[in-house]
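Participant: Read top to bottom, the protein sequences are chains A and B.
Just so you know, we're using full-length UniProt numbering here: the first sequence kicks off at 1 and counts up by one.
Just so you know, we're using full-length UniProt numbering here: the second sequence kicks off at 1 and counts up by one.
There are 2 protein chains.
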Amino acid sequence: MAATPQGDGVDAIIEQWQRVRPDLDCSPMAVIGRLSRASRLLERALKEHFAQYGVEPWEFDVLATLYRSGPPYTVSAGELSTAAMVSSAALTNRIDRLVDKGLVDRELDATHRRRVLISLTDAGIRATEDLVVHHLENEERLLGGLAPAERTQLVPLLRTLLISLGDRPQTG
Amino acid sequence: MAATPQGDGVDAIIEQWQRVRPDLDCSPMAVIGRLSRASRLLERALKEHFAQYGVEPWEFDVLATLYRSGPPYTVSAGELSTAAMVSSAALTNRIDRLVDKGLVDRELDATHRRRVLISLTDAGIRATEDLVVHHLENEERLLGGLAPAERTQLVPLLRTLLISLGDRPQTG
DNA sequence: GTCGAAAATTTCGACGTCGAAATATTAGGC
DNA sequence: GCCTAATATTTCGACGTCGAAATTTTCGAC
Chain A
1 MAATPQGDGV DAIIEQWQRV RPDLDCSPMA VIGRLSRASR LLERALKEHF
51 AQYGVEPWEF DVLATLYRSG PPYTVSAGEL STAAMVSSAA LTNRIDRLVD
101 KGLVDRELDA THRRRVLISL TDAGIRATED LVVHHLENEE RLLGGLAPAE
151 RTQLVPLLRT LLISLGDRPQ TG
Chain B
1 MAATPQGDGV DAIIEQWQRV RPDLDCSPMA VIGRLSRASR LLERALKEHF
51 AQYGVEPWEF DVLATLYRSG PPYTVSAGEL STAAMVSSAA LTNRIDRLVD
101 KGLVDRELDA THRRRVLISL TDAGIRATED LVVHHLENEE RLLGGLAPAE
151 RTQLVPLLRT LLISLGDRPQ TG
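1. According to the neighbour-count rule (16 or more other Cβ atoms, all chains shown, within 10 Å of its Cβ), is Ser-88/A buried or exposed?
2. Could you round the C-beta distance between Asp-23/B and Leu-136/A to whole angstroms and report it? I think they count as a contact, below 8 Å.
3. Would you verify that the beta carbon of Trp-17/B is, or is not, closer than 8 Å to some beta carbon of chain A?
4. Give the straight-line distance between the Cα atoms of Asp-11/B and Asp-130/A, rounded to the nearest whole angstrom.
5. Going by DSSP, what residues sit across from Glu-107/B in a beta bridge?
6. Looking at the structure shown, is Ser-69/B part of a helix, part of a strand, or coil, going by DSSP?
7. Indicate whether at least one CB of chain A lies closer than 8 Å to the CB of Gln-153/B.
8. Pick out whichever of Tyr-67/B, Thr-111/B, Asp-8/B has its Cα sitting closest to the Cα of Ile-125/B.
9. Starting from Arg-31/A, trace the alpha helix (DSSP H) both ways and give me its first and last residue.
10. What are the boundary residues of the alpha helix (DSSP H) that Ser-164/A is part of?
11. Under three-state DSSP, which class holds Ser-88/A?
12. Roughly how many whole angstroms lie between the Cα atoms of Leu-98/B and Val-104/B?
13. Give the single residue among Arg-141/B, Arg-168/B, Glu-59/B, Tyr-53/B whose Cα lies nearest to the Cα of Ala-90/B.
14. What is the DSSP secondary structure of Gly-172/A, counted as helix, strand or coil?
15. Below 8 Å CB to CB, which residues in the same chain sit around Gly-102/A once its five sequence neighbours on both sides are set aside?
16. Buried or exposed, going by whether 16 or more other CB atoms sit within 10 Å of the CB of Arg-19/A?
17. Check Val-75/B in the structure and name its three-state DSSP category.
18. Could you tell me the alpha carbon to alpha carbon distance between Leu-162/B and Arg-168/B, rounded to whole angstroms?
19. Given a limit of 7 Å on CB to CB distance, which residues of the stretch 70-94 of chain B reach chain A?
20. Given a cut-off of 8 Å, decide if Ala-38/B and Leu-165/A are closer than it, judged by their beta-carbon atoms.
21. Can you tell me which of the three DSSP states Gly-9/A falls into?
22. Hey, how far is the Cα of Glu-140/A from the Cα of Pro-28/B?
23. Along chain B, which residues have their Cβ under 9 Å away from the Cβ of Gln-52/A?
This is the structure in structure tokens:
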């Protein structure tokens, strides 16, 4: 009884916990549970969006990391792996496929030959410039439920959390 | 130059974009990028924590869903699949392994025999009761960087976002 | 200058998830 | 009461990621 009328899925979960274990303080779930669910839902929505353009989210992620580094759009494999938060093994696989698609080049760093440099091809630059515009429109749409003031409130709170979790700029 | 001194990784990414493409409004990234990164970092931290107890995050997730449903700690396979936001195929696999561990039972619903009911065993109940206490302590620790007032601000903002993304209680 | 440790990437094997097809069960139309 | 469609779960094949081992290159100690 007295089910929260306007609640989300996390409200329902916390109510269940309080019914079964009123002795526990479940308040951290109200934050962490929501972050986790929101991220999952956004991931799905982004995947659907990119599918319209024949790309996977990870493809745009790699291309965008290269593009935003600026001309000559070159980043080492290790930095790409860190930026994407995936293992170096996963990154090798991703680059293989982007090379096959003709969107990036792979070459050895002339001065430090154990490093591998990845660069956007001209086709990769064009593809990224096209994708990023639609991607931002889509992100804007996904945040449509938040008023501008709400977004403004959200940003510093999430920044504080990220910093406390150890998130730092790549090039400190 | 003029790198944000106290920024997180997302600040750095947005600065890169503005340097390369000042014509684009990247403000949605400030929210969505942070949600995505925070979720990834929290996922890793939870995984590390649960590893101390010899369990994977998904194991706790299934056990907790059963436990918070209350006695007799029984939920259908389909509901577990929805709650965990994974495919029914993935859930079959997860239940197989929890059955092998002796933490849950699998039985056919007597009245609707195409449904499969999953229940916590006594060992499963004890394991969950032990895990949830440590899990909440850990979540509390992970949110340590946020002041209580900041958490309080965060919750309704994330709820609004979740609802606008379509998140709803399972038993509407 | 050489040897061993450190660094960067790739290869390898194992694992977990997904979408689609298959299987089993229930509900409705007539 | 059949036959079809809908529902719920499992099976199957393919794919992507991970951790660890292997490979190549660089750096420092001596």
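We treat Cβ as the ideally placed atom computed from N, Cα and C, and that holds for glycine.
Facilitator: This is what the structure holds:
1. exposed
2. Wrong, their Cβ atoms sit about 11 Å apart, outside the cutoff.
3. yes
4. 23 Å
5. Leu-117/B
6. coil
7. yes
8. Tyr-67/B
9. Checking the displayed sequence, the identity of residue 31/A turns out to be Val instead of Arg. 27-51 is the extent of the alpha helix (DSSP H) around Val-31/A.
10. 148-164
11. helix
12. 6 Å
13. Glu-59/B
14. Note that Gly-172/A scores 46 on pLDDT, short of 50, meaning its location in the model is unreliable and no value can be drawn from it.
15. Thr-121, Ala-123, Gly-124
16. exposed
17. strand
18. 8 Å
19. Gly-70, Met-85
20. yes
21. helix
22. 6 Å
23. Near Gln-52/A there are no residues of chain B at all, since even the closest Cβ is about 18 Å away, more than 9 Å.
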